[in-house]
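Visitor:
Protein chains: 2
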Amino acid sequence: MALPSTDTSRHDNTLAVIRTLRDRGPAARVDLGTLNGISSATVTSISAELLQQGLITERPPEAPRPNGRGRPKTLIELAPNAACVVCVKLSINEIQLVVGDFAGQVRHSEHHTVSTLTLNADDLEALLEDKISALCTRQLTGFQRLAGICLAVQGVVSSQSGTIIWSPALSFRNAPISARLAKRFHCSVLLENDANCIASLLAAQPAYADCPNLVVIMLGYGIGMSVLISGVPFLGANGSAAEFGHSKYQPDGALCACGRRGCIEAYASDYALYRAAADPLELPVGDSAHPSEQQMQALTQLALHGNPVAKRIYAEAGRALGVGIANVLALFNPDLVLITGSGVRGFDAMQTAMHGAIDNALVAELRGTTRIESCAWDRDMTCMGGIAIALNATDSQTLLDSQTAREA
Amino acid sequence: MALPSTDTSRHDNTLAVIRTLRDRGPAARVDLGTLNGISSATVTSISAELLQQGLITERPPEAPRPNGRGRPKTLIELAPNAACVVCVKLSINEIQLVVGDFAGQVRHSEHHTVSTLTLNADDLEALLEDKISALCTRQLTGFQRLAGICLAVQGVVSSQSGTIIWSPALSFRNAPISARLAKRFHCSVLLENDANCIASLLAAQPAYADCPNLVVIMLGYGIGMSVLISGVPFLGANGSAAEFGHSKYQPDGALCACGRRGCIEAYASDYALYRAAADPLELPVGDSAHPSEQQMQALTQLALHGNPVAKRIYAEAGRALGVGIANVLALFNPDLVLITGSGVRGFDAMQTAMHGAIDNALVAELRGTTRIESCAWDRDMTCMGGIAIALNATDSQTLLDSQTAREA
DNA sequence: CCTATTTACTTTAGGTACTAAAATAAATAA
DNA sequence: TTATTTATTTTAGTACCTAAAGTAAATAGG
């Protein structure tokens with residue numbers, strides 16, 4: 020007589036079990052209960068359903084168990100092939116595709132060099148369809164379903180509407196991309212800012228577990244930021260929040276790639292550093308708007324080894340970064356600011372000036388106790404974060420699908 | 020056999036009913052069900068309990084009902100005297116105390132002139148105890164219980180720890196105040212930033228119902244801000260988020276009351292405007308660090324009526340405000356920025372320069388669709404917001420108390 | 001005035017989901 | 001071999017919710 024679809028507790032508890040297994044690996048029912056604040060009787064009931072649906076498996080007991088007394092724990096774990104997700108990272112002149120399984124492990128990764136700036140919106144869509152289709156044929160056999168695709172894009176995106184508003188990798192704007200891919204691949208397509216992917220990944224690491232309010236700043240060709248509030252990425256009214264790179268250091272200051280003046284990015288990004296150094300240091304110009312990694316490393320070495328011009332340029336970048344971070348501290352007061360991205364290569368050359376600028380800008384009461392740290396950069400981090408986001412976002416649907424599949 | 024204290028649905032639904040009644044006034048059971056997505060059978064059950072506990076009453080049917088056919092609705096409403104809360108607003112040289120009833124109505128308000136800057140932490144506590152005690156004796160008879168006290172304080176406060184970290188109204192710092200008052204009055208004591216109180220009040224207004232991400236900027240002696248994310252006030256790691264007034268306009272610019280240079284507040288607050296104008300306009304100096312409302316109104320009139328010096332000062336303030344708001348747009352991307360506080364008196368003189376600075380700072384993609392509006396200021400708004408916050412925060416405890424009282 | 005209709009509220013019956021406690025399972029310690 | 005320990009499953013019972021049926025209280029229209 021009753022159809023209490025409003026009662027979400029079973030659903031919530033089931034998702035909690037799945038996420039715990041993904042985050043912490045195989046676990047016993049009793050531990051899953053403790054970790055999620057539910058009784059082990061309930062975990063028994065939930066895991067029986069998930070076993071039926073093929074979303075988890077029971078791990079056979081290991082031969083040499085070094086445990087103590089008592090009945091040994093029966094570990095359950097996610098069935099890796101129950102579903103997979105694809106993360107596509109779109110950056111300047113490069114596309115990376117990564118496949119992750121239901122347990123969150125990376126199963127395949129590939130890079131493609133593409134001159135992204137010459138594409139139009141239809142080209143991009145055709146290209147993505149093409150690459151993802153090929154991936155489906157070659158890599159996704161053996162998976163029960165493709166649960167979702169995450170597009171990680173540098174720049175301003177609207178996650179809600181699935182529209183790339185403005186990306187430095189693309190010469191067109193306001194491209195609704197998610198809907199078309201969702202239709203083509205019959206799965207949910209998430210559009211995320213690349214910094215949000217990184218932040219989600221970092222926030223899940225035990226080292227940062229005590230920092231629910233976390234700001235991640237990505238230095239690189241441009242400057243991105245992601246803000247996690249209570250562990251949840253903060254998106255503004257239309258998804259273009261946290262544009263740290265375009266907050267202001269000097270009104271009417273240096274010219275930024277966005278076309279305005281005085282943005283932090285116009286001082287501390289790769290192109291800004293190289294632009295400032297090219298003339299006085301007589302560096303090779305080439306495409307100075309897009310300096311290569313080698314060029315940037317050479318410049319960084321100059322600054323770190325005492326070249327006065329390079330030192331001055333990095334110090335000014337540090338000051339800009341410091342003023343920007345001071346504003347972030349005043350406005351967000353996070354537990355931790357993490358600085359990463361390929362541009363961390365130059366962090367040591369900026370650090371002193373940055374801390375000086377922060378201390379100069381804020382009194383102790385406003386400065387607070389926020390830690391400011393840098394974090395080594397790995398170009399696969401974005402996609403790993405994207406996979407985690409995609410799995411989390413699609414668990415509910417995967418659950419539903421496997422329920423109806425079992426009933427039929 | 021079961022004691023499912025983890026099952027919160029009844030509790031949640033009961034709170035939802037109470038809040039709906041407070042926000043929208045008397046309502047019928049059937050409407051409460053529709054509004055909260057629960058069946059009217061459940062509302063019948065919940066309201067029966069609340070009637071028992073004396074938290075709501077049934078309103079007698081009105082004689083001339085202009086309704087249509089069918090059994091008339093039986094309206095239920097909150098029993099105003101079931102509980103009360105007190106909001107104490109602490110600002111420079113003034114303390115305001117307001118009593119609100121369980122239905123959210125203001126029942127009493129009083130102002131006291133106190134030279135707050137000469138108090139030490141113990142003086143303040145004694146003073147507050149004294150004023151609240153007197154209020155209890157005179158105004159709180161007839162109420163079932165004092166559910167809570169909200170302290171609305173200008174400056175940086177830690178809500179979590181109940182500590183006033185730094186307030187322009189006080190000459191001491193880091194004062195834990197909530198715990199001591201809670202002990203004295205046997206009720207929960209909330210410490211809130213004054214801007215958060217205003218923001219909570221405004222967010223509840225139907226005019227702003229479509230703006231879940233709302234930034235409220237308070238202009239006045241200082242400059243405060245509150246950020247509501249999905250309708251919830253955003254507090255940082257230690258509660259001192261949203262210090263808009265001390266975000267930067269010009270590194271190494273004008274001196275701010277905080278001791279540092281270049282803060283927005285050092286350009287656009289009352290003291291900054293008066294300081295900039297006093298010398299060239301030969302204004303009466305007196306205590307120019309705390310200009311009076313009359314002095315500020317006179318200065319504003321000069322700017323609005325074309326005095327070139329005053330116009331220039333207000334334009335510069337507008338630019339500072341504009342750059343600060345541009346940073347807020349880039350970092351938070353809210354639906355709406357509302358500017359209020361006593362300083363809105365000068366908003367017309369700043370507005371043009373402010374919009375110019377925003378447009379100059381951000382390209383359209385980053386500027387987004389955020390509305391920027393001003394909002395008339397009323398000095399009672401803070402306490403009304405504080406009362407709403409206190410009631411919301413204490414409903415759960417009030418419910419619990421009245422349950423145990425009924426059982427005993 | 002009486003009856004049909006309409007709408008609001010209450011009661012009943014049935015279902016989901018949880019928990020505590022008891023029962024069972026599977027190991028080690030002695 | 002037995003006692004003990006720990007994990008999992010089963011059982012019994014509770015809280016909550018909803019749909020449907022029942023009851024209440026009004027109006028509309030003959």
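In the order they appear, the protein sequences are chains A and B.
Per the working numbering: the first sequence = residues 20 to 427.
Per the working numbering: the second sequence = residues 20 to 427.
A virtual CB, placed ideally from N, CA and C, is assigned to each residue, including glycine.
These numbers were taken from a predicted model, which means no experiment stands behind them.
Give me the Cα-Cα distance between threonine 413/B and leucine 116/B, rounded to the nearest whole angstrom.
Guide: In the second sequence, the residue the question calls residue 413/B occupies position 394. In the second sequence, the residue the question calls residue 116/B occupies position 97. Whole-angstrom Cα-Cα distance: 18 Å.
Visitor: Would you say valine 172/B lies against chain A (beta-carbon separation less than 8 Å)?
Guide: Residue numbering aside, residue 172/B sits at position 153 when the second sequence is read from its first letter. It does not; no Cβ of chain A falls within 8 Å.
Visitor: Among Ala102/B, Glu129/B, Asn139/B, Ile114/B, which has the Cα closest to the Cα of phenylalanine 121/B?
Guide: As a first step, residue 121/B must be located in the second sequence, where it is residue number 102. Of the candidates Ala102/B, Glu129/B, Asn139/B, Ile114/B, the one whose C-alpha sits nearest the C-alpha of phenylalanine 121/B is Ala102/B.
Visitor: Using a Cβ-Cβ distance under 8 Å, would valine 428/A count as near chain B?
Guide: With chain A represented from 20 up to 427, any question about residue 428/A goes unanswered, as that position is not in the structure.
Visitor: Output, in sequence order along the chain, the residues in the stretch 182-199 of chain B whose CB is closer than 9 Å to any CB in chain A.
Guide: Ile184, Trp185, Arg192, Asn193
Visitor: Going straight from the alpha carbon of arginine 41/A to that of glycine 123/A, what length do you get?
Guide: Here residue 41/A refers to the residue found at position 22 when the first sequence is read from its first residue. Here residue 123/A refers to the residue found at position 104 when the first sequence is read from its first residue. Computed Cα separation, rounded: 6 Å.
Visitor: Between the C-alpha atoms of proline 187/A and threonine 135/A, what's the straight-line distance to the nearest angstrom?
Guide: Walking along the first sequence from the start, residue 187/A turns up at place 168. Walking along the first sequence from the start, residue 135/A turns up at place 116. Roughly 10 Å separates the two Cα atoms.
Visitor: Below 8 Å, can you find three or more Cβ-Cβ pairs linking the stretch 287-307 of chain B to the stretch 234-242 of chain B?
Guide: These segments touch.
Visitor: Quick one: using the 10 Å Cβ neighbour count with 16 as the cut-off for buried, is aspartate 354/A buried or exposed?
Guide: Numbered from its first residue, the first sequence carries residue 354/A at position 335. Buried is the call here.
Visitor: So, is the C-beta of glycine 255/B closer than 8 Å to a C-beta in chain A?
Guide: Residue numbering aside, residue 255/B sits at position 236 when the second sequence is read from its first letter. Yes, glycine 255/B lies at the interface with chain A (some Cβ there is under 8 Å from its Cβ).
Visitor: Based on Cα-Cα distance, which residue from Cys169/B, Gln163/B, Glu129/B lies nearest to isoleucine 217/B?
Guide: In the second sequence, residue 217/B corresponds to position 198, counting from 1. It is Cys169/B.
Visitor: With a threshold of 8 Å between beta-carbons, can proline 270/B be considered close to chain A, or not?
Guide: Residue numbering aside, residue 270/B sits at position 251 when the second sequence is read from its first letter. Interface residue, yes.
Visitor: Please classify proline 231/A: does DSSP put it in a helix, a strand, or coil?
Guide: Working through the first sequence from its first residue, we reach residue 231/A at position 212. Note: proline 231/A maps to coil in three-state DSSP.
Visitor: At a Cβ cut of 8 Å, what residues of the stretch 329-359 of chain B count as close to chain A, listed as they run along the chain?
Guide: Of all residues in the stretch 329-359 of chain B, Arg338, Val342, Ala345, Asn346, Val347, Ala349, Leu350, Phe351, Asn352, Pro353, Asp354 have a Cβ within less than 8 Å of some Cβ in chain A.
Visitor: Quick test of your reading: leucine 138/B and leucine 146/B, contact by CB under 8 Å. State the CB separation rounded to the nearest angstrom.
Guide: Taking the first residue of the second sequence as 1, we reach residue 138/B at position 119. Taking the first residue of the second sequence as 1, we reach residue 146/B at position 127. Here leucine 138/B really is in contact with leucine 146/B; their C-beta atoms are around 7 Å apart, less than 8 Å.
Visitor: Does valine 356/B pass the burial test, meaning 16 or more other C-beta atoms within 10 Å, or should it be called exposed?
Guide: Reading the second sequence from its first residue, position 337 is the one you call residue 356/B. It counts as buried.
Visitor: For the candidate residues Arg164/A, Ala166/A, Leu69/A, Asn193/A, whose alpha-carbon lies nearest to that of serine 178/A?
Guide: For the purposes of this step, residue 178/A is taken as residue 159 along the first sequence, with counting starting at 1. It is Asn193/A whose Cα lies nearest to the Cα of serine 178/A.
Visitor: Given arginine 29/B, which residues of its chain have a CB within under 8 Å of its CB, disregarding the five upstream and five downstream residues?
Guide: Position 10 of the second sequence, counted from the start, is the residue given in the question as residue 29/B. Excluding residues within five positions, the ones whose Cβ falls inside 8 Å are Ile65.
Visitor: Determine whether the Cβ of leucine 381/A lies closer than 8 Å to any Cβ atom of chain B.
Guide: Taking the first residue of the first sequence as 1, we reach residue 381/A at position 362. True, the Cβ-Cβ gap to chain B drops below 8 Å.
Visitor: Check this for me: beta carbons of isoleucine 151/B and phenylalanine 204/B, under 8 Å apart or not?
Guide: What you label residue 151/B is simply residue 132 of the second sequence in a count that begins at 1. What you label residue 204/B is simply residue 185 of the second sequence in a count that begins at 1. With a cutoff of 8 Å on beta-carbon distance, isoleucine 151/B and phenylalanine 204/B are scored as near each other.
Visitor: Which residues, in chain order, does the stretch 41-67 of chain B contribute to contact with chain A at a C-beta distance below 8 Å?
Guide: Taking 8 Å as the cut-off between beta carbons, the residues of the stretch 41-67 of chain B near chain A are Gly56, Ile57, in sequence order.
Visitor: Less than 8 Å between C-beta atoms, sequence neighbours within five positions excluded: which residues of the same chain meet that for aspartate 378/B?
Guide: Taking the second sequence and counting its residues from 1, one reaches residue 378/B at position 359. Excluding positions up to five away in sequence, the list reads Arg386.
Visitor: Considering only the beta carbon of each residue, do leucine 94/B and alanine 60/B sit closer than 8 Å?
Guide: Numbered from its first residue, the second sequence carries residue 94/B at position 75. Numbered from its first residue, the second sequence carries residue 60/B at position 41. Not closer than 8 Å, so no.
Visitor: Given a cut-off of 8 Å on the beta-carbon distance, is the pair glutamine 370/A and alanine 166/A in contact?
Guide: Residue mapping note: residue 370/A aligns to position 351 of the first sequence, counting from 1. Residue mapping note: residue 166/A aligns to position 147 of the first sequence, counting from 1. Contact flag unset, no.
Visitor: Just to make sure I have the definition right: I need the residues of chain B whose C-beta is within less than 7 Å of the C-beta of cysteine 103/A. Which are they?
Guide: Working through the first sequence from its first residue, we reach residue 103/A at position 84. In chain order: nothing, as chain B lies at least about 32 Å away.
Visitor: Using a Cβ-Cβ cut-off of 8 Å, state whether arginine 38/B counts as contacting chain A.
Guide: Within the second sequence, numbered from 1, the residue matching residue 38/B stands at position 19. Not an interface residue.
Visitor: In the structure shown, what three-state DSSP assignment does glutamate 113/A receive?
Guide: Counted from its first residue, the first sequence places residue 113/A at position 94. Three-state DSSP puts glutamate 113/A in a strand.
Visitor: Just confirm the distance between the C-beta atoms of tyrosine 4/B and alanine 273/B, as a whole number of angstroms; I'd bet it's less than 8 Å.
Guide: Residue 4/B falls outside the range modelled here, since chain B spans only 20 to 427, and no answer is possible.
Visitor: Would you say glycine 243/B reaches chain A, if we count a Cβ-Cβ gap shorter than 8 Å as a contact?
Guide: Position 224 of the second sequence, counting from 1, holds the residue named residue 243/B. It does not: the Cβ of glycine 243/B has no partner Cβ on chain A nearer than 8 Å.
Visitor: Using a Cβ distance threshold of 8 Å, determine whether the stretch 397-408 of chain B contacts the stretch 218-237 of chain B, with at least three qualifying pairs required.
Guide: yes
Visitor: So, with DSSP's three-state summary, where would you put glutamate 129/A?
Guide: As a first step, residue 129/A is located in the first sequence; it is residue number 110 there, counting from the start. Here glutamate 129/A sits in strand by DSSP.
Visitor: Spatial neighbours of leucine 51/A within its chain, please: C-beta separation below 7 Å, excluding the five flanking residues on both sides.
Guide: Counting from 1 along the first sequence, the entry for residue 51/A is found at position 32. Closer than 7 Å at Cβ, skipping near neighbours: Val36, Thr39, Val62.
Visitor: Determine the burial state of glutamate 301/B: buried for a count of at least 16 other Cβ atoms within 10 Å of its Cβ, exposed for fewer.
Guide: Here residue 301/B is taken as the residue at index 282 of the second sequence, counted from 1. Looking at its Cβ environment, which holds fewer than 16 other Cβ atoms inside 10 Å, glutamate 301/B is exposed.
Visitor: Can you say whether aspartate 213/B is buried or exposed, counting buried as having 16 or more other CB atoms within 10 angstroms of its CB?
Guide: On the second sequence, residue 213/B is found 194 positions in, with the first residue counted as 1. Buried, since its Cβ has 16 or more Cβ neighbours within 10 Å.
Visitor: Is it true that the CB of alanine 153/A sits closer than 8 Å to the CB of valine 107/A?
Guide: As a position in the first sequence, residue 107/A is number 88, starting the count at 1. As a position in the first sequence, residue 153/A is number 134, starting the count at 1. Going by C-beta atoms, valine 107/A is not nearer than 8 Å to alanine 153/A.
Visitor: CA-CA distance, leucine 419/B and aspartate 31/B?
Guide: Here residue 419/B refers to the residue found at position 400 when the second sequence is read from its first residue. Here residue 31/B refers to the residue found at position 12 when the second sequence is read from its first residue. Whole-angstrom Cα-Cα distance: 13 Å.
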